[in-house]
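Have a look at the structure below before the remarks.
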Amino acid sequence: MFVKVCGITTEEDALLAIGMGADALGFNFVPGSSRQIRPSVARDIVRRLPGGVMTVGIFRDELKESVVQTVHEAGLQAAQLHGRESPEDSSWVSERVPYLIKVFVAGDPAIDDLERYSATAVLVDAPVPGSGEVFDWSLLDGRERGRPLILAGGLDPENV
29 MFVKVCGITT
39 EEDALLAIGM
49 GADALGFNFV
59 PGSSRQIRPS
69 VARDIVRRLP
79 GGVMTVGIFR
89 DELKESVVQT
99 VHEAGLQAAQ
109 LHGRESPEDS
119 SWVSERVPYL
129 IKVFVAGDPA
139 IDDLERYSAT
149 AVLVDAPVPG
159 SGEVFDWSLL
169 DGRERGRPLI
179 LAGGLDPENV
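When we follow our numbering, the leftmost residue of the sequence shown carries the number 29, and every step to the right adds one.
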């Protein structure tokens with residue numbers, strides 16, 4: 029199992045998550061989010077982390093150039109696109125960052141086009157991200173299996 033904790037805003041939170049077994053840390057760059065972090069603050073945290081932890085920038089409907097610039101400025105290893113980015117913009121980003129995660133919302137017709145996205149991994153979230161609700165995982169039956177598939181939404185010890 030691979031565990032990613034998002035919404036990291038302090039070094040203390042980052043080290044606690046790592047101490048609890050997190051494999052990856054997510055830094056939220058979505059404007060207006062209560063957990064939004066500046067690239068310079070994320071960079072300061074990332075520089076002090078132990079090796080072996082993946083660092084991910086979370087973006088929603090951001091200009092592709094800004095995504096790449098922020099990933100590099102903050103010293104991150106990956107970008108997670110959580111909006112309505114086009115396959116073309118996702119491909120452009122994937123050519124410029126080491127690892128790209130493209131997010132789809134369960135039940136969204138856009139998931140039918142996931143093969144067109146050049147992401148390293150695909151994350152499927154509940155219809156209301158952050159709600160703690162589980163979506164019907166059978167919606168993923170028969171989907172492409174050529175890259176890692178990450179589930180989000182309502183995960184707990186009983187269903188993982």
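Built from N, CA and C at the ideal position, the CB exists for glycine as well. Remember, predicted model here, so these are calculated numbers, not experimental data.
Residues of its chain near residue i, where Cβ-Cβ distance is below 7 Å and the 5 sequence neighbours each way are ignored
i: V31; result: G49, A50, D51
i: A42; result: I36, L53, I73, L77
i: G160; result: G182
i: G103; result: R71, V74, R75
i: K92; result: D117, W120, V121
Residue from the options whose Cα sits closest to the Cα of residue i
i: V150; options: E116, A107, D164, E123; result: A107
i: L177; options: V125, G160, F132, N187; result: F132
i: M82; options: G160, N187, I129; result: I129
i: L179; options: Q97, W165, P115, H100; result: W165
i: I65; options: L44, E39, G79, A45; result: E39
i: I46; options: G79, S61, S62; result: G79
Host alpha helix (DSSP H) of residue i (start-end)
i: G54; result: Where G54 is concerned, there is no enclosing alpha helix (DSSP H), although the beta strand (DSSP E) it sits in stretches over 52 to 56.
i: V125; result: Run containing V125: none; DSSP gives neither H nor E here.
Opposing strand residues paired with residue i [DSSP bridges]
i: D153; result: V133
i: K32; result: A52
i: A70; result: In the DSSP output, where bridge partners are listed per residue, A70 has none listed.
i: Q64; result: N56
Residue interval of the beta strand (DSSP E) (run including residue i)
i: T83; result: 82 to 87
i: Q97; result: It is not in any beta strand (DSSP E) - Q97 instead sits in the alpha helix (DSSP H) that spans 92 to 102.
i: I46; result: Here I46 belongs to no beta strand (DSSP E); instead the alpha helix (DSSP H) covers 39 to 47.
i: L109; result: 106 to 109
i: I178; result: 177 to 179
is_contact[residue i, chain B] using C-beta, thresh 7 Å
i: L91; result: As a matter of chain content, chain B is missing from the structure shown, which is built from one protein chain.
Neighbourhood of residue i by C-beta, 6 Å cutoff - its chain only, sequence neighbours within 5 removed
i: G135; result: P155
i: I139; result: F132
i: P67; result: T98, E101, A102
i: R124; result: V96
i: F55; result: I36, I65, A70, G85
i: P115; result: R144, Y145
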